[in-house]
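Written below as structure tokens is the structure these notes are about.
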Amino acid sequence: MRIQEVYQACRRVVEEVERVIVGKRGVIEKLLIAILSRGHVLIEDYPGLAKTLMAKTLAQTMGLKFRRVQFTPDLLPADITGTYVYNQKTGDFELRKGPIFTNILLADEINRAPPKTQSALLEAMQERQVTLDGKTHRLEE
Numbered sequence: 010m011r012i013q014e015v016y017q018a019c020r021r022v023v024e025e026v027e028r029v030i031v032g033k034r035g036v037i038e039k040l041l042i043a044i045l046s047r048g049h050v051l052i053e054d055y056p057g058l059a060k061t062l063m064a065k066t067l068a069q070t071m072g073l074k075f076r077r078v079q080f081t082p083d084l085l086p087a088d089i090t091g092t093y094v095y096n097q098k099t100g101d102f103e104l105r106k107g108p109i110f111t112n113i114l115l116a117d118e119i120n121r122a123p124p125k126t127q128s129a130l131l132e133a134m135q136e137r138q139v140t141l142d143g144k145t146h147r148l149e150e
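My numbering puts the first residue of the sequence shown at 10, with every later residue one more than the last.
Written out as structure tokens, the structure is:
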């Protein structure tokens, strides 16, 4: 894809998101840059200013999977990463993937989570994988 084609595609995405979110073009552009560069974004703003809607709309516009996690003091690392559960029919343990297995994850109120849970999130962000019971699982691209 040529640079001009990428620019046009990005412009169409921004314009489509702006049909839902008004007055946040700069933030939308920065979110798009983060997605294209496989980076992460910290959005700080007052409650009720469409942060969740913006991330969700951007994901929908780009055809990406979106998940949201409300961080609380009792949230466990497995609540984010997932865990193995026993399947009585097959007699095996199967991976039940957590919300971290998505393209766009909105982690709301990270500061409320205990350190171990924050650490699990940061490990997944940095390494783009999670390790459960000694098995490594790659995250969505």
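Note that beta-carbon positions come from the ideal geometry of N, C-alpha and C, so glycine has one too.
Taking the C-beta atoms as reference points, residue 79 is found no nearer than 7 Å to residue 54. Counting along the chain, the unbroken beta strand (DSSP E) around residue 103 starts and ends at 101 to 106. Approximately 5 Å separates the beta-carbon atoms of residue 65 and residue 75; this is inside 8 Å, confirming the contact. Residue state for residue 88 is assigned as helix, using DSSP reduced to three classes. Residue 26 sits buried, since 16 or more C-beta atoms from the chains shown fall within 10 Å of its C-beta.
Within its own chain, the residues whose Cβ lies closer than 8 Å to the Cβ of residue 34, once the five positions on either side in sequence are excluded, are 23, 27, listed in chain order. In summary, residue 81 is exposed, with fewer than 16 beta-carbon neighbours lying within 10 Å of its beta-carbon over all protein chains present. No Cβ-Cβ contact shorter than 7 Å links residue 112 with residue 58. When C-alpha distances from residue 62 are compared across 29, 47, 143, 144, the shortest belongs to 29.
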